[in-house]
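Residue numbers for the sequence shown, in full-length UniProt numbering: 1 to 243.
Positions of the beta carbon are idealized from the N, C-alpha and C atoms, including for glycine.
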Amino acid sequence: MTQASSKQQRDILVTSALPYANGPIHLGHLLEYIQTDIWVRYQNMRGQNCYYVCADDAHGTAIMLRAEREGITSEQLIDRIRGEHQEDFGGFHIRFDNYYTTHSEENRNFSEYIYRQLQKNDHIATRKITQSFDPEKNMFLADRFIKGTCPKCKTEDQYGDNCESCGATYTPSELINPRSAVSGATPIEKESEHYFFKLPEFADFLTKWTRSGALQPQVANKLAEWLDAGLQEWDISRDAPYF
């Protein structure tokens, strides 16, 4: 009897980081999927029930803007990109038991269910926040869609949250000569009501769970750093227009 067959057979579910559905897979992406595929094949060879699932991350402003530039719908773009991703994975013999998309009725239904349960149990807060707004495109801008001159080292063409030259972090309002990366317009500040998940209420549970032995020690130690620093409420809103 082999060592693998002498032990109880395990059911193992494996996934990888979801590739974003706005562009092709590059070699840096492929490394993770190849490594995971090798590990899954190894587990199945040992007699385990190991399943490898993944999906395209199919929502976000970058997808919406690229579809707009190409003159197609966001749905058409993500369908095309998903096909390209699967072709690339197949070319490297990466096998998924299921490769799906976040743009699905299943994902919508589960997301709505989870939100309703959180709201029902008073784990959702609402409050107004101030954000950068593109007056030409009539849309709120994420930090990565704002560019300007770093207020610390004065390097031009830096993102709205950090400088790639000196490493400084800041808010979009601190940028010198900020501009929208979408339209080139100067952003204005505008209020919007957002929904927040009351994550700090689960700090005790998360602390106990991360130390229960369910995680690798290195992962548990990293999470402990965040827990010790104190958790913040998590903004789960996205202002329209969005996809």
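### Query
Can the beta-carbon of residue 56 be found less than 9 Å from the beta-carbon of residue 102?
yes
### Task
Tell me, please, whether the stretch 205–213 touches the stretch 173–180 by the rule of three or more beta-carbon pairs shorter than 8 Å.
no
### Contact set for residue 195: own chain, Cβ-Cβ below 6 Å, skip 5 residues either direction
124, 126, 236 and 237
### Task
List in chain order: all unbroken alpha helix (DSSP H) runs of 4+ residues lying wholly within the stretch 82–144.
105–120
### Span of the beta strand (DSSP E), counted from its first residue to its last, around residue 65
That residue, residue 65, is in no beta strand (DSSP E); its alpha helix (DSSP H) goes 61–70.
### Query
What separation, rounded to the nearest whole angstrom, lies between the Cα atoms of residue 224 and residue 146?
32 Å
### Query
With distances taken between CB atoms, is the gap from residue 33 to residue 50 smaller than 9 Å?
no
### Task
Excluding the 5 residues preceding and the 5 following residue 166 in the sequence, name in chain order all residues of the same chain whose CB lies nearer than 8 Å to its CB.
150, 152, 153 and 155
### Residues near residue 26 by beta carbon distance below 6 Å, same chain, minus five either side
none
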